[in-house]
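Participant:
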Amino acid sequence: SGVVDEDETEAAEGFELPGADLSGEELSVRVLPRQADEFTCASCFLVHHRSQLAYEKNGQQICSECAA
């Protein structure tokens, strides 16, 4: 159809192209330390909830995504 969804138009206005100069932008993200129920995957180095732990071998914890 030739009708443009207004939500798609609004989303496109906030889309940044790769390589865009963002040097003048400031990020305001609150970073929390790893929680007691989380672990860092030894393969992807992302912090996951304990429920995502696939296995642990020789002290190395691997998430279910990397184990797949």
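Numbering (the working numbering), first residue to last: 453 to 520.
Ideal Cβ placement from N, Cα and C applies to all residues, glycine included.
Can you find the residues in the same chain that come closer than 8 angstroms, C-beta to C-beta, to Ala472, ignoring five residues on each side of it along the sequence?
Facilitator: Answer for Ala472: no residue qualifies.
Participant: Under 7 angstroms, do Gln504 and Cys518 count as touching if we go by C-beta distance?
Facilitator: No.
Participant: Going by the beta-carbon positions, is the gap between Thr492 and Val499 smaller than 7 angstroms?
Facilitator: In this structure, Val499 lies closer than 7 angstroms to Thr492 by Cβ.
Participant: Quick check on this structure: which residue in Ser475, Asn510, Ala506 has the alpha carbon closest to the alpha carbon of Glu490?
Facilitator: With distances taken between Cα atoms, Glu490 lies closest to Ala506.
Participant: Once DSSP output is grouped into helix, strand and coil, what is the label at Cys496?
Facilitator: Coil.
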